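Report on the structure given below.
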Amino acid sequence: MHAGRANPIPRTEPHPAAVFNNADQELVLYVDGERVDDVPWVGVPWEARGATGLGASLSGTSGGSDFFAGGLDEVRFYDYWLNDAQVAQLHTHAELTSGGRPATAIWALDEAADAVSVDGRSQRTEAQLHGGAETGIAGVQGDAVSFDGESGYALTSQPVLDTFQSFAVSLWAWLPADKENRYMTATTQGGASGRGFSLYHRPNGGGWSFMRATAPGPDSTNVEVVDNPCTDGATNCPALGLGTWTHVVGVHDMDARRLELYVNGQFAGSQPYDHRWDATGPVMLGASEYPDGIRNHMDGALDDVRFYDRVVSAEEVAQLYAQRPQVAARWQFDGTTGTAPVLTPDASEANNPLTMRGDAAVGPGWIDTGALVLDGVDDHAETVTVPVDTTASFTVGGWVQAAAVPEEGVTLFSAAGTHHSAFAVRFVPAEAEPGWGQWEITVPDGDAAGATVVRVANPRYYDALDWNHVAVVYDGFRREIELYVNGLRVEDACPDEGAPADCGGASWSDNVLSFRAGHSLQVGRTRTAGAWDEYWPGSVDDLWAFKGALNGDQIAWLSGQWSDIPTEIPNPR
1 MHAGRANPIP RTEPHPAAVF NNADQELVLY VDGERVDDVP WVGVPWEARG ATGLGASLSG
61 TSGGSDFFAG GLDEVRFYDY WLNDAQVAQL HTHAELTSGG RPATAIWALD EAADAVSVDG
121 RSQRTEAQLH GGAETGIAGV QGDAVSFDGE SGYALTSQPV LDTFQSFAVS LWAWLPADKE
181 NRYMTATTQG GASGRGFSLY HRPNGGGWSF MRATAPGPDS TNVEVVDNPC TDGATNCPAL
241 GLGTWTHVVG VHDMDARRLE LYVNGQFAGS QPYDHRWDAT GPVMLGASEY PDGIRNHMDG
301 ALDDVRFYDR VVSAEEVAQL YAQRPQVAAR WQFDGTTGTA PVLTPDASEA NNPLTMRGDA
361 AVGPGWIDTG ALVLDGVDDH AETVTVPVDT TASFTVGGWV QAAAVPEEGV TLFSAAGTHH
421 SAFAVRFVPA EAEPGWGQWE ITVPDGDAAG ATVVRVANPR YYDALDWNHV AVVYDGFRRE
481 IELYVNGLRV EDACPDEGAP ADCGGASWSD NVLSFRAGHS LQVGRTRTAG AWDEYWPGSV
541 DDLWAFKGAL NGDQIAWLSG QWSDIPTEIP NPR
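Structure follows, in structure tokens:
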């Protein structure tokens with residue numbers, strides 16, 4: 001480990017550097033790039049997990065001591081020992097961009113005079129683009145890098161992770177809906193004829209994999225954690241998520257001696273891994289380097305690639321995924337295509353149109369020009385594939401207006417399985433208030449007879465003849481379901497005892513389990529006990545589906561827009 005200062009403050013002050021060389025069991029002191037002293041070190045290395053202090057010595061809970069009287073600038077920490085040449089290079093104000101990993105923390109100490117804190121960051125690591133790699137395409141948030149599947153990749157000049165220790169890799173990847181049936185690599189860090197790690201997508205219906213070789217050299221074997229979303233030997237399936245952005249995380253937990261894989265915030269599997277070695281090759285994005293050349297070029301895009309020098313917990317993975325919802329589908333109902341059947345297009349990149357059944361038609365709309373019009377008898381619309389994983393986080397919402405007050409419960413939209421719908425958003429008329437009613441979500445915990453159904457209702461009454469914006473949000477990590485009507489969620493649940501007479505409850509619930517709907521997204525009806533019913537009598541407009549849970553501000557923003565809304569994640573700012 002090394003701590004030093006590359007750019008001294010503009011006075012004749014020394015540039016000290018301290019190095020702990022565990023391999024040679026010595027402590028080394030440098031001043032102005034020259035080795036001035038070294039002493040043997042005898043002991044067992046241990047990990048200090050306390051706070052880092054600048055300008056004082058920290059010990060336990062007693063606060064600081066040995067306070068420094070003077071100035072500091074450009075403080076750097078490295079997680080490996082630097083040799084004489086590297087320390088001399090730092091003294092010339094040159095970055096270390098080869099021969100070792102980037103600095104794990106740099107405090108530039110360039111804050112204003114009235115600052116109350118100083119900001120430390122890891123060293124920026126450049127990955128040079130090659131071949132058909134291109135920046136500036138639309139990403140998960142902001143821009144991303146695309147790869148052409150033939151010659152494109154990005155390559156660093158140095159390793160980034162210490163693969164001898166625990167580490168994690170997180171990234172967002174986009175692969176085309178018509179992905180070639182072959183391996184495609186998102187990222188890898190090389191070693192001596194072996195890969196320190198690799199995150200890649202498999203062919204033949206296979207999903208994402210996280211792999212590590214057991215040792216450097218050509219004779220090592222590979223340990224692989226795989227995600228197998230397709231069943232029954234299918235070579236492609238909606239669960240692969242092709243054509244949409246996917247969040248992938250690989251974790252090496254040194255203490256637990258295992259490798260872990262997460263896909264879209266969900267744990268996908270693990271494998272025992274009891275091998276420790278440091279891959280000292282560079283990091284490659286968009287392809288893999290082999291002794292005979294570069295292969296497994298990615299045809300797709302990467303965004304928000306993050307390397308961690310520690311384990312990332314399941315909770316952190318869920319947060320990383322939840323922070324980046326994705327548009328899974330959007331139906332604006334402003335037109336149709338085809339004649340038998342008639343389709344209304346999906347405005348998102350997923351291109352998952354709704355097929356209009358019965359006498360469903362496009363009529364006057366609320367948002368822009370058109371809306372889906374259903375007769376409440378047998379009209380409905382349906383997708384070929386469900387645009388979201390109903391066991392993970394998702395959001396579905398749109399505008400709705402009844403042509404007549406329903407006399408019994410009717411369904412706005414649902415995600416159908418074989419026996420039940422994984423969720424259904426319904427309007428239930430109020431017996432005591434003719435012409436009014438409540439919006440409700442139903443969520444069975446299984447797709448079979450006898451499933452337990454959770455019902456979450458908005459306790460306020462609404463006029464179904466008005467245009468209302470209705471949205472369901474499911475947080476798969478927290479197992480929480482929310483119902484928003486016109487941008488509002490009723491927050492407070494009734495107390496268990498002594499509830500006032502007008503207490504209607506809250507429009508959310510926790511501890512909600514859902515099954516994966518594998519049939520279709522249905523607009524205007526639901527499936528219960530294997531039968532279709534609850535046909536919607538009225539119009540539906542601007543229906544959205546998102547992978548991930550939108551927050552309340554984003555739902556409120558959607559419910560407050562009237563025209564020319566871009567097909568992207570809502571940004572209330």
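Residue numbers for the sequence shown follow my numbering, beginning at 1 and rising by one.
We put the CB at the ideal spot given by N, CA and C, even for glycine.
These numbers come from a predicted model, not from an experiment.
Asked	Found
Per DSSP, Asp119 is paired with what?	Asp119 pairs with nothing; no bridge assigned.
Considering only the beta carbon of each residue, do Arg574 and Val456 sit closer than 8 angstroms?	Only positions 1 to 573 of the chain appear in this structure, which leaves residue 574 out of reach.
Determine the closest residue to Asp541 out of Gly70, Ile565, Asp533 and Asn551, with distance taken between C-alpha atoms.	Ile565
Quick check: His420 and Arg527, are their CB atoms within less than 8 angstroms of each other?	yes
Distance check for Gly241 and Gly205, CA to CA, integer angstroms please.	11 angstroms
If you follow the alpha helix (DSSP H) that Ala322 is in, where does it begin and where does it stop?	Ala314 to Ala322
May I ask whether a heavy atom of the ligand SAM can be found less than 7 angstroms away from the beta carbon of Ile441?	This structure lacks the ligand SAM; in fact it carries no ligand of any kind.
Here's a check: name, in chain order, each residue in its chain whose Cβ is nearer than 8 angstroms to the Cβ of Asp576, leaving out the five neighbours to either side.	Residue 576 is absent from the structure shown; the chain starts at 1 and stops at 573.
With DSSP as the reference, please indicate the residues paired to Gly190 in a beta bridge.	Arg195
What's the C-alpha gap between Val160 and Glu482?	41 angstroms
Skipping 5 residues on each side, what residues in its chain have a beta carbon closer than 6 angstroms to that of Gly584?	Absent from the model: residue 584. The displayed extent of the chain is 1 to 573, so no value can be given.
According to DSSP, Gly250 sits in a beta bridge with which residue or residues?	Val169 and Leu261
On a CA-only basis, which of Val44, Thr163 and Pro537 is nearest Ala361? Give me that one, please.	Pro537
Count the other CB atoms within 10 Å of the CB of Pro238; is the residue buried (16 or more) or exposed (fewer)?	buried
Only counting runs of 4 or more residues, tell me where the alpha helix (DSSP H) segments fall wholly within the region 319 to 352, in order along the chain.	none
Check the DSSP bridge columns for Glu596 and list the partner residues they point to.	Lying outside 1 to 573, the shown extent of the chain, residue 596 is not represented and no answer is given.
Contact check, Ala279 vs Thr187 under 8 angstroms by CB: the rounded distance?	That pair is no contact at about 13 angstroms.
If we count the other Cβ atoms within 10 Å of its Cβ and call it buried at 16 or more, is Gln326 buried or exposed?	buried
For Thr442, which residues of its own chain have a beta-carbon under 6 angstroms away from its beta-carbon, when the five flanking residues on both sides are left out?	Ala424, Val453 and Arg455
When you compare the CB positions of Val373 and Gly363, do they come within less than 8 angstroms of one another, or not?	yes
Under a three-way DSSP split, which group does Asp299 fall into?	strand
State the start and end residues of the unbroken beta strand (DSSP E) segment that holds Trp436.	Trp436 to Pro444
Go ahead and pull the three-state DSSP assignment for His93.	coil
Touch check for the region 213 to 233 and the region 295 to 309: three-plus C-beta pairs under 8 angstroms?	no
Under a Cβ-count criterion, where at least 16 other Cβ atoms within 10 Å of its own Cβ denotes burial, should Ile574 be classed as buried or exposed?	Only positions 1 to 573 of the chain appear in the structure, and residue 574 is not among them; the question remains open.
Roughly how many angstroms lie between the CA atoms of Ile555 and Tyr484, to the nearest whole one?	8 angstroms
Quick one: Cα of Lys547 to Cα of Gly293, how far?	37 angstroms
Just to confirm my understanding: we take Ala590, look at its own chain, exclude 5 residues before and 5 after, and list those with CB closer than 6 angstroms. What are they?	Because the chain spans 1 through 573 in this model, residue 590 falls outside it and cannot be assessed.
Which word fits Gly498, buried or exposed, when buried means at least 16 other C-beta atoms lie within 10 angstroms of its C-beta?	Only weak support is given to the placement of Gly498: the predicted model assigns it a pLDDT of 41, under 50, and the question is left unresolved by the model.
Can you check DSSP and say which residues form a bridge with Phe67?	Bridge partners of Phe67: none, in fact.
Give every residue of the same chain whose Cβ lies closer than 8 angstroms to the Cβ of Arg124, excluding the five residues on either side of it in the sequence, and list them in chain order.	Pro102
How long is the line joining the alpha carbons of Val342 and Pro353, rounded to whole angstroms?	10 angstroms
Using the rule of at least 16 other Cβ atoms within 10 Å of the residue's Cβ for burial, across every protein chain shown, is Ser59 buried or exposed?	exposed
I need the boundaries of the beta strand (DSSP E) containing Ile106, first residue and last residue.	Ala105 to Trp107
In this structure, does DSSP put Gly136 in helix, strand or coil?	strand
Do you know offhand how far Leu82's Cα is from Ser151's?	35 angstroms
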